[in-house]
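What follows is one structure encoded as C-alpha cells, with my remarks underneath.
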Amino acid sequence: METEIDKIRHSLAHVMAEAVQHLFPGVKFGIGPAIDDGFYYDFLFPRPISNDDLPAIEKEMRRIIAKQEEFVRTEMGKEEARELFKDQPFKLELIEALEDGTISIYKQGDFVDLCRGPHVKSTREIRPDAFKLKTIAGAYWRGDESKPMLTRIYAYAFESKAKLEEYLHMLEEAERRDHRKLGKELDLFSTHEEAGPGLIYWHPKGGRIRVELENWWRDEHYKNGYEILFTPHIGKSWLWETSGHLGFYKANMYAPMKIDEDEYFIKPMNCPFHIMIYKTSSHSYRDLPLRWAELGTVYRYERSGVLHGLMRVRGFTQDDAHIICTPDQIEDEILEVLRFSLSIWKTLGFKEIKAYLATRPSDSVGEPERWDQALLSLKKAIDKEGLLYEVDEGGGAFYGPKIDLKVKDAIGREWQMTTIQFDFNEPERFDMVFIDKDGKQKRPYMVHRALLGSLERFFGVFIEHYAGAFPVWLMPDQVAIIPVAPGFEGYAKTVARFLQEKGIRAKALISEERMNAKIRDAQNQRIPYMAIVGQREQESGTVSIRLRTGDQESGIPLEVFAARVLEKIQTKSLDL
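Here it is in C-alpha cells:
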C-alpha cells in the first residue's frame, strides 16, 4: 500500500524527469520509482553528465515545484500510447510488455510519463527544502547487462526539512562508523580482491575478539542445553541432491570438485550434515529434544557487485543450531530459543529488538496441521516475551514459518539478525524418524536457528554499533600502560605483567614517542583504560587512569584497579 511519503517520492521522481527534460533536450527516459529513503530515475542523456550537474537539476526542480503543477491522470489504449511515446524507446518497450487494454498516463506541466501512480495532487504538496539529489550511477536498462547503460540519478526525500536533515546527519554518522573504514584503522580484518573477493581475513586483533565471542557463544550454548557439533566442509552430490540444494540452490553453490569419480560440493549450509549425525542411530521420544549447534563455515556464491565488506561475503561462519523435538515439545522449545536469543542480544548491548513473523506461502510443503501448530508456537513465544512484532503474511519459506529478529543499532538502523525457522522439508527428504510412546515411528519437528546469523556480518554490525569502542570484555587490548618518561618504562612493564597474570589484556606502550602521542594512539585504538605511570605511581604502587571517554582518576592502587577491570570483564558490562 502506498503511503503519503511514497507518493511524495514518486511525484518528485517525475518532477526530476521534467527538470531533466528542460535542461537536456532529447533525453530518453527509463523508469523512476520511490525507494526507501527517496527516489531515482534512469535516463539516457544526449551527453555525459556528472555530479556537477546535480545543483542545476535541483534548482530547476524547485522552480517547477513553485509553479504548483497539477498531476493529471489519463488513460489510453496501446496504439495511442505508442504514438505519444514514439521518440522514447524505453517507454515503448514497457508498453509492448503490458497486456492489452487501457494504459495509465500521468502529466504535470509539459512532462508526460507512463505510470500507474499514485501521485500527490499537485507539487504544492511537496516541500522544496525536503529533498536533495544524492549522486549519479550507471544502471543497465532493466538490470540486463546486454541492454544499454543508463544514468541513474539518486535522491533523498522526506516529509520535511527537519526529517531530511536528521537523515543526512545519520548518514554522516554511518560513514564515520563504516566497518570497512574502522576495520582498517583498528587493524581488525581485511579483504584481498586479488586472492578472492568476498573472503575475510581476520587480523590478530579481530581474531582476539572472535575467539572471545566464540568462547562465550559455546559456554552459553552449553548452559542452555546444547551440544556442539563439527562437520565437514564438503559433501558428495548425493547429500545435496537429497537435501534439495542442487534443485533449489545450485546457482548459489560453487562448482563441484571431481574426487575418485564422485562430485563433491563445498557446503553452502550446515543442515544436511546435522541430519546425517541424527541418522547414525535410532532415537526414542525419551532422547528428544536434541539441541545441536555448530559454528560452521559455509561458502555461497554472490555476484561481485553486491559484495560489501563483512556484510555481504562469499565465505562466512554461521552460528547454526538445529532443534529436533516431538510435537508436544514445540511450544517450550520455541519459547526457550527466543529467550536465549534475546539474552544474547541484550548482553551484546542491543536493547531495541523487534520480531517479524512470516506465515505460510502458497507454495508450501508439509501438513497444514503442522504449519498451524508451528505458527501458533511462534506467536505464543512472541506474546510471552512481550515483543513488538509485525506479521509478514505469506512471507515464510516454502518449507516452514519463521521468526526474524531485527535489532536497532546506535544510530537507529534496523538489522535482521536472528532467524528461528521451522523446516518441514528436510525431515521428509532424509526420512528422519523417532520412536514415540506408542512404539510407532513418527516424524520429528526440526527447527533451524541462527542467533548472530554469520559471525562476519554480526561483526560488521557490531563495529558500526559501537564505532569500534567495544565493551571491555571484547576489546583486543583492554589496558594500555603509558610511562610519562623513559625512566618509568620498567614500572610500566611490571604493571602490564601484573594485569596480564590476572587475565587482563594489557600492554606497556614502550617507544620513543612522547606520552601525549601514546595517549592519542591509545584513544584512536579505543582502548578502554590508559594507565599513566610516573614517579608518584611507581613509589606508591598505583596507577593514574584515563578512560577512553576522557574521564580521569589518580592514585588507584593496582589491586583495586585490576579488580575493577576484571569486574567489568566478568559481568560483560557495557560501561567502563
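First residue of the sequence shown: 976, per our numbering; consecutive thereafter. Yeah, the Cβ is synthetic: ideal placement off N, Cα and C, and Gly gets one too.
Quick one: give me the first and last residue of the beta strand (DSSP E) that residue i is part of.
i, result
"I1507", "Y1504 to V1508"
"V1273", "L1265 to Y1274"
"L1427", "Y1420 to S1429"
"A1296", "G1290 to C1300"
"G1443", "Note, G1443: premise wrong, no beta strand (DSSP E); not H, not E."
"S1079", "I1078 to Q1083"
"P1093", "P1093 -> no beta strand (DSSP E), and no H or E assigned at all."
"S1529", "Q1527 to P1532"
"R1048", "V1047 to M1051"
"R1404", "Looking at the DSSP string, R1404 is not in any beta strand (DSSP E); the run it does join, the alpha helix (DSSP H), is E1401 to R1404."
"S1121", "That residue, S1121, is in no beta strand (DSSP E); it is neither H nor E in DSSP."
"D1088", "F1086 to L1089"
"I1485", "Run containing I1485: none; DSSP gives neither H nor E here."
"S1519", "T1517 to L1522"
Could you round the C-beta distance between residue i and residue j to whole angstroms and report it? I think they count as a contact, below 8 Å.
i, j, result
"A1537", "K1477", "5 Å"
"M1490", "I1457", "6 Å"
"V1518", "V1459", "V1518 to V1459, Cβ: 12 Å. No contact."
"F1240", "P1247", "At roughly 11 Å, the Cβ-Cβ gap does not stay under 8 Å, so F1240 and P1247 are not in contact."
"V995", "I1032", "6 Å"
"H1154", "L1282", "So it is not a contact: roughly 14 Å between Cβ atoms."
"G1118", "T1206", "About 37 Å separates the two Cβ atoms, so there is no contact after all."
"L1157", "K1180", "Actually they do not touch by this definition, with Cβ atoms about 11 Å apart."
"F1014", "F999", "Not a contact, Cβ separation roughly 18 Å."
"E993", "G1084", "6 Å"
"R1521", "M1505", "4 Å"
"Q1396", "K1381", "15 Å between Cβ atoms; not a contact."
"A1130", "K1159", "With 8 Å as the limit, A1130 and K1159 do not qualify as a contact, their Cβ atoms being about 30 Å apart."
"L1551", "T1524", "6 Å"
"G1007", "A988", "3 Å"
How far does the alpha helix (DSSP H) with residue i in it extend, from its first residue to its last?
i, result
"Y1364", "Premise fails: Y1364 lies in the beta strand (DSSP E), L1363 to D1367, not in any alpha helix (DSSP H)."
"A1497", "M1490 to N1499"
"G1465", "E1464 to E1476"
"S1316", "I1305 to T1322"
"A1455", "Premise fails: A1455 lies in the beta strand (DSSP E), V1454 to P1458, not in any alpha helix (DSSP H)."
"K1383", "Taken as a continuous stretch (DSSP letters only), K1383 belongs to no alpha helix (DSSP H), being part of the beta strand (DSSP E) at K1377 to K1383."
"M1286", "From DSSP, M1286 is part of no alpha helix (DSSP H); its letter is neither H nor E."
"F1065", "P1064 to A1072"
"E1148", "K1136 to R1151"
Would DSSP call residue i helix, strand or coil?
i, result
"P1343", "helix"
"M1244", "coil"
"I1328", "strand"
"G1435", "helix"
"S1097", "strand"
"I1128", "strand"
"A1105", "coil"
"I1479", "coil"
"Q1416", "strand"
"R1388", "coil"
"G1280", "helix"
"F1409", "strand"
"S1337", "coil"
"F1397", "strand"
"Y1253", "helix"
"Y1115", "strand"
"S986", "helix"
"S1259", "strand"
Three or more C-beta pairs closer than 8 Å, one from the stretch 1446-1461 and one from the stretch 1332-1351: is that the case here? no
For the 8 Å Cβ check, are there 3 or more pairs between the stretch 1190-1207 and the stretch 1257-1274? yes
Below 8 Å, can you find three or more Cβ-Cβ pairs linking the stretch 1040-1051 to the stretch 1076-1091? yes
Taking contact to mean 3 or more Cβ pairs, one atom from each stretch, closer than 8 Å, check whether the stretch 1363-1373 and the stretch 1314-1324 are in contact. no
So, does the stretch 1022-1042 touch the stretch 1057-1069, judging by three or more C-beta pairs under 8 Å? no
Using 8 Å as the threshold, is the stretch 1382-1392 in touch with the stretch 1305-1314, meaning 3 or more CB pairs across them? no
Does the structure place the stretch 1291-1298 close enough to the stretch 1408-1423 that three or more beta carbon pairs sit under 8 Å? yes
Please list the segments of the alpha helix (DSSP H) lying wholly inside the stretch 1159-1243, counting only runs of 4 or more residues, in order along the chain. 1179-1198, 1212-1218 and 1220-1223
Which full runs of the alpha helix (DSSP H) of 4+ residues lie inside the stretch 998-1057, going along the chain? 1029-1041
Measuring CB atoms only, is the stretch 1215-1223 touching the stretch 1392-1409, in the sense that at least three cross pairs come out at less than 8 Å? yes
Quick check: the stretch 1134-1146 against the stretch 1163-1172, are at least 3 beta-carbon pairs closer than 8 Å? no
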